[in-house]
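There are 2 protein chains.
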Amino acid sequence: MSEGTISRRALLVGLGVAGGAGAMYAAMGALGLAPDRHEDDYAPPQRSDFALRGKAAAKVVILGAGIAGLATAYELGKAGYDCTVLEARDRVGGRSFTIRGGDKITELGGETQEARFGEGVYFNAGPARIAQWMLTLDYCRELGVPVEVFVNDNPNGYTFNSGMKAPVRTRMARADTYGYMSELLAKATNAGTLDKMVTSADREVLLDFVSEFGGLSDDGVYRGTSRRGYRTDPGVDAGTSPGPLPPMSEVLRYGLGRTVAFPFDYDQAMPMFQPVGGMDSLANKLADAVGRDRIQTSTQVTKITNLPDGVEVVHGGGSVKADYCVAAMPPHILARTSGNLDARVVAALRTPTPLSAGKIGLEYRRRWWETDERIYGGITETDMDISHIWYPSYGFNGVQGLVVGYYNLNADADSYAAMKHADRERRAIQQGIRVHGDKYRTELLSSVSIAWRKQPHIEGAWVGWPSYGAEFTLLQEPAGRVYFAGDWLTHLIAWQAGALDSARKVVTQLHQRVLKEG
Amino acid sequence: MSEGTISRRALLVGLGVAGGAGAMYAAMGALGLAPDRHEDDYAPPQRSDFALRGKAAAKVVILGAGIAGLATAYELGKAGYDCTVLEARDRVGGRSFTIRGGDKITELGGETQEARFGEGVYFNAGPARIAQWMLTLDYCRELGVPVEVFVNDNPNGYTFNSGMKAPVRTRMARADTYGYMSELLAKATNAGTLDKMVTSADREVLLDFVSEFGGLSDDGVYRGTSRRGYRTDPGVDAGTSPGPLPPMSEVLRYGLGRTVAFPFDYDQAMPMFQPVGGMDSLANKLADAVGRDRIQTSTQVTKITNLPDGVEVVHGGGSVKADYCVAAMPPHILARTSGNLDARVVAALRTPTPLSAGKIGLEYRRRWWETDERIYGGITETDMDISHIWYPSYGFNGVQGLVVGYYNLNADADSYAAMKHADRERRAIQQGIRVHGDKYRTELLSSVSIAWRKQPHIEGAWVGWPSYGAEFTLLQEPAGRVYFAGDWLTHLIAWQAGALDSARKVVTQLHQRVLKEG
Chain A
220 MSEGTISRRA LLVGLGVAGG AGAMYAAMGA LGLAPDRHED DYAPPQRSDF
270 ALRGKAAAKV VILGAGIAGL ATAYELGKAG YDCTVLEARD RVGGRSFTIR
320 GGDKITELGG ETQEARFGEG VYFNAGPARI AQWMLTLDYC RELGVPVEVF
370 VNDNPNGYTF NSGMKAPVRT RMARADTYGY MSELLAKATN AGTLDKMVTS
420 ADREVLLDFV SEFGGLSDDG VYRGTSRRGY RTDPGVDAGT SPGPLPPMSE
470 VLRYGLGRTV AFPFDYDQAM PMFQPVGGMD SLANKLADAV GRDRIQTSTQ
520 VTKITNLPDG VEVVHGGGSV KADYCVAAMP PHILARTSGN LDARVVAALR
570 TPTPLSAGKI GLEYRRRWWE TDERIYGGIT ETDMDISHIW YPSYGFNGVQ
620 GLVVGYYNLN ADADSYAAMK HADRERRAIQ QGIRVHGDKY RTELLSSVSI
670 AWRKQPHIEG AWVGWPSYGA EFTLLQEPAG RVYFAGDWLT HLIAWQAGAL
720 DSARKVVTQL HQRVLKEG
Chain B
220 MSEGTISRRA LLVGLGVAGG AGAMYAAMGA LGLAPDRHED DYAPPQRSDF
270 ALRGKAAAKV VILGAGIAGL ATAYELGKAG YDCTVLEARD RVGGRSFTIR
320 GGDKITELGG ETQEARFGEG VYFNAGPARI AQWMLTLDYC RELGVPVEVF
370 VNDNPNGYTF NSGMKAPVRT RMARADTYGY MSELLAKATN AGTLDKMVTS
420 ADREVLLDFV SEFGGLSDDG VYRGTSRRGY RTDPGVDAGT SPGPLPPMSE
470 VLRYGLGRTV AFPFDYDQAM PMFQPVGGMD SLANKLADAV GRDRIQTSTQ
520 VTKITNLPDG VEVVHGGGSV KADYCVAAMP PHILARTSGN LDARVVAALR
570 TPTPLSAGKI GLEYRRRWWE TDERIYGGIT ETDMDISHIW YPSYGFNGVQ
620 GLVVGYYNLN ADADSYAAMK HADRERRAIQ QGIRVHGDKY RTELLSSVSI
670 AWRKQPHIEG AWVGWPSYGA EFTLLQEPAG RVYFAGDWLT HLIAWQAGAL
720 DSARKVVTQL HQRVLKEG
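Those protein sequences? They're chains A and B, same order as listed.
If you want my numbering, it's the position in the first sequence, counting the first as 1, plus 219.
If you want my numbering, it's the position in the second sequence, counting the first as 1, plus 219.
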C-alpha cells in the first residue's frame, strides 16, 4: 500500500482540493489543527498503575488481528489486561500480508491462487515500506524485528509513457529536466526579469546554485553531464555517451511531473525501510508477544452489543463477554455488523469510502534487472495501467527474485480485479515487455496477484474520508464500551504507523477510563 | 574514499577545468575517446585456452594485495597461472581497510591507535560505498559476498554552515530551495521572458511541471509543503508545522549548491551498496579464492628488475623470479622502488599526485541519531573542516553504532593528519556538537582516526593526474615484463571498481601475450 502521499491523500479528505499541497499545509498551520499529543509522549499502561488506585485490569475483546488490533492487545497486555483477539481471516496481520510459496489466496467471487514461489522469495501484497520517522520502526526495535533499507526510488529505473518510443532511464530524464529548467531560470535571472524578487546580492548566489543544480556549462547552457549516465561505463576507458540530448520540448513531455516530486514527499523520501523477510514480521512478533492462545483466527464477528456492564460479541463459533471492546476492523465492514451501536456511529462508520488497489508479484528465474540492466531495487514509473514496476529490495545478487509487476489504484485496480489471475498476469507482462523486452515474459517462473477489494473480511486497500470532519472526530471517542482503532482513524491512512498510533491513542483512553471507573 | 564525483575528479585531470562538467562530458562524446572495450566484454582466462596453442600458464609475481593485485591473481588463477602476491602491509586489502575492535593502526611518524570497538561495530576507513552499475557488485556476486544498501543521502540529515544559527534538515533546505526556484521560474515563464525558448505549446507543460516540482500553490507562489517535514509527526493528529518559511535570501545562503547535486551524480546516486560486515569482505574473499598461501604479507618490495626471460623482484625476505610481474602498488611508491624500469616509465609513475583524505570513526553507546533524531543512515553536510558526518547504514535499531565524524580532503585532511589522535577526536567532537548538541560528546565510547597520507606503504588516499595524457597511456602498456594495475590507471580513481577493471585489462593483455609468446 502506501501509494499516494500525505499530500495526495489529503486530496481525498477535501482540505487540499482547492489549493494543492501548499494550501493544505499552510491551512494546517494556520488553523492550529494539531494539539500537542505526540508519539514521544506515549506512556504504555503498566501493572503498577493499578496499585494505588485499587483498580484492576479489565477484560477486553479486540476485533481484528491487523496491526491496530494486535498493537492494542500488546500494549494493554503490558498492564495485565485480559485480551482476546478475534480475527475473521485465517491468519494475523490483515493487510500486512506477505505471500510465500504454498500460501493460498482466495478472492471474493471464488478464484483461489496458490503461490509457487521458491525458498526465500516473498511478496508483500499489502504495505511494503516504512519511512524513517514512523512509529513502525520503534515497534520493530522494541520487538526485535530486524529492518533493512527499502529502495523507493532508483534513477537507474525507467520513466515510460505510451507516447515515448522507448523508456528513458529516470536518471537521464531527471538530469535533462533539471538541466533545461536551470538554463531557463539562469536566462530569466540574467535578463533581469526577476529583479523585483531577486536582489542583486542574491543574484550571484542564485546563479551559482542553478548552475550546479542543472549541471550547466559556464555559458549557462545545458548540454548534458555525466548525471545522464553512460552507454558503456567508465573504467580504464572514459565511458561513452548514452546518446544525444533531446530537445527541451521532448523532455518536458516525459510526463516527469507525475513522479518527480514523489521522492521529495515526507512519507516517501529515501531512505525507507522494510522488515527483513517480509512485512508481516511485525504482525507476527506482535502476535507472539500477545500470546497466540489469545488470538482466535477464522472467527468472524456477527454482532456487537453494548451492555450496561460490558460488551457482548457474537462470532461464528460462539460469543465473548468482556468489559470493553476495541473494534479494529475496516469501518465499512464494522458498519454492516449487527448490534446496538448508535445510528450516528454507524453512519460515521459508513462515511469513509473503501478504495481499490492491486498488485502482482512476478517471480523470475534470474535477476535480469540487476545483471542485465543494473537496477538494484526501486521503481519504474509508467502511464500504463500497471502504473509502477517495483524491483526487489532483498536478495540482491541472488538467483531468483520477485518483481511487482503492477501496483495500481482506483479504476486501473478495478479493471485488473475484474480479470482472472491468468489474464492479469498476461496483461501485466504485455505492458512490462514495453519497458524490459521479451525477457519479461521468457524468464517468468510464477506469479500471484491481489485485488484488495476482493479480499475477504477486508474489501478494500484503504479508505478515503470525504473530510476529516465530525464523523472522524466522533469515532475517536468510544461508543459506549466500544472503541475504534485503525489507520483509517488517522492522518496516516494505509500506513502501519497510522494503525500503531491509533492503537496507542485507544489504549491510553481505555486505560485512563479503567483507572477512573474500573 | 570515493569522495568527489566523476565530474569533480575530472577537474583533477584537466579536461573539465575550463568548461565544468557539461563541457567535459560533451568533449568526451565529441572526441570519441572511448573505444568499445566494455566490462561486459571481459572473458576470463581459462585453462582450456592453452590446449590448442601448445602454451602453458606462466609464473607471475604480483606486487600489492589491494583490490587490483588480488583481482589480478584471482583472474589469472582461473587459467592456472602460478601467482605469488607480495604485500608490504600486514594484511590484504590495501585501502579497503575495515577497522574492528582489537585492530592496531600505526601511522608514519609513530602514533599507534588500538580500536576498542565493541562486537559487530566496524569502521570502513577507506572506500565505503558501491554504485549499482559498478563491476564491484559483479565480483560480490561471483564470490558470494552479500551486499546491502548503503544510505548515501538522507533528507533527515542536516545542512549546516557556520553562518547559520542552527542546522536545517536537508529535507527542509531542499523543499524551500526547490520551492523558491520554481516560483521564480513560473513567474519568468508567465512574464513571457522565456518565449524565445519556450513555445506556447510547452508553456503549460512547463508550468505544470514546475508547480509539482516546487510544490507551489495554485497562484504560483511557494508557501511551503509537507515536504519540509513536521515538528510533531502526523498520526491520529494532523502533525504540526516545523516552523515558518524563511525568506528566499536566507534559503539561498544555506550553501546548498555545494551538496544538492551530489546525489544526482552517476557515481553517488542512491541506491548505493556495501558488503555486509565491512568493505574488506571483497578483498578477503578474493584472497581466499587466490589461496592465502600464495600471498606473502609484511613483505616489502625493494627492487624490480626486468630480465631477458623474466622478472626478478627483491623484497625484505629474499627474492622471487617469475615470467611476468604485475605491479599493483601506488604509483608514487612504485616510482621510488629501485630496479631497471625505463626512465620514461618512472617519470610517468611520478606524474599522478597523491591526495589527502582523513576519517574518524566515533563509536557511541546508543544510536541517538536514530532514536532522538530519526536519521537512519546518510550524511549531514557542513562547511566546517569535518566536511561530512556519516550515519551508519548497518545495525539499524541496534544498541551501539559508529558515526563517521569527519571525512575530509586536501588541506582539511592535512590539518587533521598533523594532529595526534586525541586532538583529532576533540576537534571533530567540538564541531559535531554544533550540529547535534552535547550528546555528541557525552555518548561517545571510543574512536579511531585515519590519515591516509600517513598510512605506511600507501601514503595517500588516491592520486590525481594532471591530465589523462601520454603518461597515463604509457602505463597502460607493460614496461618489458612489468605490467601496471590499479584504480589510478582508470577513470574510476578511488573506487574498487577502477581497480577491478584495471586488473581485468592487465590480465587480458598478459594472457594474450602468453598465448602468443609463451
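We put the beta carbon where it would ideally sit given N, CA and C, even for glycine.
Which residue spans inside the stretch 542-581 of chain A form an unbroken beta strand (DSSP E) run of at least 3? 543-546, 572-574
For I514 of chain A, collect the residues of the same chain with a Cβ closer than 7 Å to its Cβ; drop the 5 residues on either side in sequence, then sort them by chain order. A284, V304, E306, V311, A506
Please report the straight-line C-alpha distance between V733 of chain A and G299 of chain A, rounded to a whole angstrom. Going from the Cα of V733 of chain A to the Cα of G299 of chain A covers about 12 Å.
Alpha carbon of G337 of chain A to alpha carbon of F615 of chain A, nearest angstrom: Here the C-alpha atom of G337 of chain A lies approximately 15 Å from the C-alpha atom of F615 of chain A.
Using 8 Å as the Cβ pair cut-off and three pairs as the minimum, do the stretch 697-707 of chain B and the stretch 534-549 of chain B touch? Yes, since at least three Cβ pairs between the stretch 697-707 of chain B and the stretch 534-549 of chain B fall closer than 8 Å, the two stretches touch.
Indicate whether A480 of chain A and G313 of chain A have their beta-carbon atoms separated by less than 9 Å. no
Cβ contact (3+ pairs, closer than 8 Å) linking the stretch 449-462 of chain B and the stretch 410-424 of chain A: Output reads no: the stretch 410-424 of chain A does not touch the stretch 449-462 of chain B.
Bridge-paired residues (DSSP) for P494 of chain A: DSSP output for P494 of chain A lists A:V366 as bridge partner(s).
At the level of alpha carbons, what is the spacing between A407 of chain B and D484 of chain B? 28 Å
For D456 of chain A, which residues of its own chain have a beta-carbon under 8 Å away from its beta-carbon, when the five flanking residues on both sides are left out? none
For Y626 of chain B and Y341 of chain B, I'd like the C-alpha separation in whole angstroms. 16 Å
If you drop the 5 nearest sequence neighbours on each side, which residues of the same chain put their C-beta closer than 8 Å to that of L471 of chain B? By the criterion of a C-beta distance shorter than 8 Å, L471 of chain B is surrounded in its chain by T396, Y399, once the five residues flanking it on both sides are discounted.
Give a yes or no on whether 9 Å exceeds the smallest Cβ distance from A242 of chain B to chain A. Low confidence applies to A242 of chain B: its pLDDT is 38, below 50, so where it sits in the model is not reliable, and the reading given next is rough at best. Yes - at least one Cβ of chain A is within 9 Å of the one on A242 of chain B.
What beta strand (DSSP E) runs, 3 residues minimum, are completely inside the stretch 414-496 of chain A? 491-494
Could you tell me whether the Cβ atoms of F379 of chain A and A347 of chain A are closer together than 9 Å? no
The stretch 331-352 of chain A: positions lying closer than 7 Å to chain B by Cβ: Q351, W352
List the residues of chain A that P386 of chain B touches, going by C-beta distances under 8 Å, in chain order. The contacting residues do not exist; P386 of chain B stays about 17 Å from chain A at best.
Cα separation between A722 of chain B and A287 of chain B? Taking the straight line joining both Cα atoms gives about 5 Å.
Taking 9 Å as the cut-off, decide whether the C-beta atoms of V429 of chain A and A405 of chain A are in contact. yes
H710 of chain B touches chain A at which residues, Cβ-Cβ below 9 Å? Those are P453, G454, V455, D456, A457, G458, listed as they occur along chain A.
According to DSSP, D301 of chain A sits in a beta bridge with which residue or residues? D301 of chain A is bridged to A:K278.
Shorter than 9 Å from the beta carbon of G283 of chain A to some beta carbon of chain B? no
Whose C-alpha, out of B:Y613, B:G651, B:L621, B:A567, is nearest the C-alpha of S606 of chain B? B:G651
Same chain, Cβ closer than 7 Å to T291 of chain A, neighbours up to 5 away in sequence not counted: For T291 of chain A, where only same-chain residues beyond five positions count, the Cβ hits under 7 Å are I281, V545, A547, A704, A722, V725, V726.
Mind checking if A245 of chain B is an interface residue toward chain A, Cβ cutoff 9 Å exclusive? Low confidence applies here, because A245 of chain B scores a pLDDT of 41, under 50, leaving its location unreliable; read the following figure in that light. A245 of chain B counts as touching chain A.
Would you please state the rounded distance, in angstroms, between the beta carbons of Q619 of chain B and R584 of chain B? I believe it to be under 8 Å. 6 Å
Return the Cβ separation of S612 of chain A and Q493 of chain A in integer angstroms, given the expectation that the two are a contact with Cβ distance under 8 Å. 6 Å
State yes or no: is the C-beta of S575 of chain A within less than 9 Å of the C-beta of A647 of chain A? Going by C-beta atoms, S575 of chain A is not nearer than 9 Å to A647 of chain A.
Rounded straight-line distance, which links the Cα of Y293 of chain B to that of A718 of chain B: If I take the Cα positions, the gap works out to 13 Å.
Under the three-state reduction of DSSP, which class applies to E333 of chain A: helix, strand or coil? strand
Would you give the residue range spanned by the alpha helix (DSSP H) that R732 of chain A belongs to? 715-736
According to DSSP, I349 of chain B sits in a beta bridge with which residue or residues? B:F492
When you compare the CB of L231 of chain A with every CB in chain B, is at least one pair closer than 9 Å? For L231 of chain A, the predicted model reports a pLDDT of 38, less than 50, meaning its position is unreliable and no value from the coordinates is stated.
Quick one, are the C-beta atoms of A394 of chain A and T444 of chain A less than 9 Å apart? yes
Per DSSP, the bridge partner or partners of Q515 of chain B: B:L305
Pair within 9 Å by beta-carbon distance, W352 of chain A and R593 of chain B: yes
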